[in-house]
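Just so we're aligned, residue 622 is where the sequence shown starts under the working numbering, counting upward by one.
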Amino acid sequence: MKITLLSLLGLFALNVMALDLNEQTEHKFADNDGVKIHYVAHGPEDAPLVVFIHGFPDFWYSWRSQIEALSDTYRVAALDLRGYNESDKPEGVENYLMPLLVSDIASVIKSEGRENAVVVGHDWGGAIAWSIAMTQPEMVSHLVILNLPHPLGLARELQNNPQQRQNSQYAVNFQQENAASNLNAEGLAFWVTDEEAKPHYVEAFEKSDFEAMLNYYKANYPRFQDSETEMAEPFGAAPTNVKCSVLMFHGLEDQALLPGALSGTWEWVDSDLTIVTIPGANHFVQQDAPEMINTTMKDWLDRRM
Numbered sequence: 622m623k624i625t626l627l628s629l630l631g632l633f634a635l636n637v638m639a640l641d642l643n644e645q646t647e648h649k650f651a652d653n654d655g656v657k658i659h660y661v662a663h664g665p666e667d668a669p670l671v672v673f674i675h676g677f678p679d680f681w682y683s684w685r686s687q688i689e690a691l692s693d694t695y696r697v698a699a700l701d702l703r704g705y706n707e708s709d710k711p712e713g714v715e716n717y718l719m720p721l722l723v724s725d726i727a728s729v730i731k732s733e734g735r736e737n738a739v740v741v742g743h744d745w746g747g748a749i750a751w752s753i754a755m756t757q758p759e760m761v762s763h764l765v766i767l768n769l770p771h772p773l774g775l776a777r778e779l780q781n782n783p784q785q786r787q788n789s790q791y792a793v794n795f796q797q798e799n800a801a802s803n804l805n806a807e808g809l810a811f812w813v814t815d816e817e818a819k820p821h822y823v824e825a826f827e828k829s830d831f832e833a834m835l836n837y838y839k840a841n842y843p844r845f846q847d848s849e850t851e852m853a854e855p856f857g858a859a860p861t862n863v864k865c866s867v868l869m870f871h872g873l874e875d876q877a878l879l880p881g882a883l884s885g886t887w888e889w890v891d892s893d894l895t896i897v898t899i900p901g902a903n904h905f906v907q908q909d910a911p912e913m914i915n916t917t918m919k920d921w922l923d924r925r926m
């Protein structure tokens with residue numbers, strides 16, 4: 622009973638501290654060829670840089686617990702992807718192609734005066750993180766991925782696993798004309814269980830562009846003509862092996878991205894690979910299991926930096 626009470630008190634304190642981060646962090650903008658990318662920065666300016674990339678539907682605040690946990694010894698930058706919250710929202714599907722999304726991350730790293738960073742990504746942020754590690758390896762010192770299997774693993778499952786294709790039907794629906802008209806800020810925040818945080822999400826989504834959110838799917842999601850079609854560049858990322866150390870977390874309750882796609886990841890990583898599966902955690906694993914994520918990530922980084 623004492624353990625349960627202490628755990629609850631710890632989570633309460635963590636949420637209070639996290640909610641204060643909006644005032645504690647520096648709000649900054651990186652410029653990527655005229656597109657402004659908003660990000661928050663926290664921690665010692667001379668410490669190793671860790672860049673956090675959120676997914677759909679989310680914004681920088683998704684990483685509030687991780688910012689608090691790492692910013693004592695790391696410089697942390699958590700960004701709003703283009704189309705979201707305070708970042709610019711260029712019109713047109715072509716403005717959301719993977720190379721441009723990758724260049725947004727590079728612009729944040731450069732804005733912090735660095736040549737490289739630890740890159741951490743979840744969901745679409747994970748796809749972008751994989752992509753920058755494959756296409757601009759000199760900019761990624763270490764890679765941390767949350768609930769986004771390697772693009773080749775996910776493409777394989779989409780091609781060969783009927784359950785994965787069925788569970789990914791939402792992504793196909795998002796690519797339909799006028800799909801954005803079915804979205805609203807309250808609805809997009811359905812997954813947020815933290816009642817203190819939920820108003821922050823609704824406010825951020827009200828500032829976001831729903832069409833831009835879906836352009837990620839329209840511009841980059843794998844398409845197959847039939848079951849025999851091979852995807853040479855899933856999610857716009859050339860299938861080049863990742864050179865740096867990789868840490869992966871996967872909440873096993875995730876129904877959108879099934880864990881079968883994790884199989885074979887070691888074939889696409891030339892350095893050490895650590896995969897941590899978390900029973901009971903869902904798609905937004907960084908919020909479902911923050912203590913597990915934070916302690917494991919910090920220990921993993923501390924041993925390698």
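All residues carry an ideal CB built from backbone N, CA and C; glycine is no exception.
How would you label ALA877, buried or exposed, when you count the other beta carbons within 10 angstroms and need 16 or more for buried?
exposed
In the DSSP assignment, the alpha helix (DSSP H) including ASN794 goes from what residue to what residue?
790 to 795
Quick one: is SER583 buried, meaning 16 or more other Cβ sit within 10 Å of its Cβ, or exposed?
There is no way to answer for residue 583, as the model of the chain reaches only from 622 to 926.
Have a look at ASP893 and ASN862 and give me their C-alpha separation to the nearest angstrom.
12 Å
According to DSSP, is LYS839 part of a helix, a strand, or is it coil?
helix
For ALA662 versus GLU733, is the C-beta distance shorter than 8 Å?
yes
Length-filtered (4 minimum) alpha helix (DSSP H) runs lying within the region 656 to 716:
685 to 691
I believe ASP744 touches GLY676 by the beta-carbon criterion, under 8 Å. Please report the beta-carbon distance rounded to the nearest angstrom.
2 Å
Inter-residue Cα distance where the pair is GLN780 and VAL890:
22 Å
Simplified DSSP state of PHE650, which is helix, strand or coil
strand
Helix, strand or coil: how does DSSP classify LEU804 here?
coil
Report the residue from MET918, ILE730 and LEU718 whose alpha carbon sits nearest the alpha carbon of LEU761.
In the sequence as presented, Leu is not what sits at residue 761; that position holds Val. If we check each option's Cα against that of VAL761, ILE730 comes out closest.
Using 8 Å as the cut-off, can you tell me whether the region 810 to 820 makes contact with the region 917 to 924, which would need three or more C-beta pairs spanning the two stretches below that distance?
no
Where SER686 falls, given that 16 or more other Cβ within 10 Å makes a residue buried
buried
Whole-angstrom C-beta distance between LEU764 and ALA750, which should lie under 8 Å:
6 Å
Here's a check: name, in chain order, each residue in its chain whose Cβ is nearer than 8 Å to the Cβ of TYR715, leaving out the five neighbours to either side.
Contrary to the premise, residue 715 reads as Glu rather than Tyr in this sequence. Same-chain partners within the cutoff: ALA840.
Would you say ASN836 and GLY704 are within 8 Å of each other, going by their C-beta atoms?
yes
Within its chain, find whatever has a CB closer than 6 Å to the CB of SER827; leave out the 5 residues flanking it on each side and keep chain order.
Sequence check: residue 827 is Glu here, not Ser. Around GLU827: ALA806.
Tell me the rounded alpha-carbon separation between HIS871 and PRO911.
13 Å
According to DSSP, simplified to helix, strand and coil, what is GLY734?
coil
Please report the straight-line C-alpha distance between ALA801 and LEU722, rounded to a whole angstrom.
20 Å
Inter-residue CB distance, ALA792 and TYR842 (contact presumed, cutoff 8 Å)
5 Å
For LEU784 and TYR838, which I take to be in contact (beta-carbon distance under 8 Å), what is that distance rounded to the nearest angstrom?
The sequence shown places Gln at residue 784, rather than the Leu named in the question. The Cβ separation is near 20 Å, so there is no contact.
Fully enclosed by the region 753 to 792, which alpha helix (DSSP H) runs are 4 residues long or longer?
772 to 781 and 783 to 788
Pull up the distance between the alpha-carbon of ALA926 and that of SER692, whole angstroms please.
Looking at the sequence provided, one finds Met at residue 926 rather than Ala. Roughly 15 Å between the two C-alpha positions.
Give the DSSP-derived three-state secondary structure of VAL813 in the structure shown.
coil
Using CA atoms only, rank isn't needed, just tell me which of ALA690, ILE688, LYS819 and VAL672 is closest to LEU702.
VAL672
Boundaries of the alpha helix (DSSP H) in which MET869 is found, first to last residue
MET869 -> not in any alpha helix (DSSP H); beta strand (DSSP E) instead, spanning 866 to 872.
Under the three-state DSSP convention, the category THR917 falls into
helix
Which residues bound the alpha helix (DSSP H) around VAL906?
906 to 909
The alpha helix (DSSP H) enclosing VAL823, as first and last residue numbers:
819 to 827
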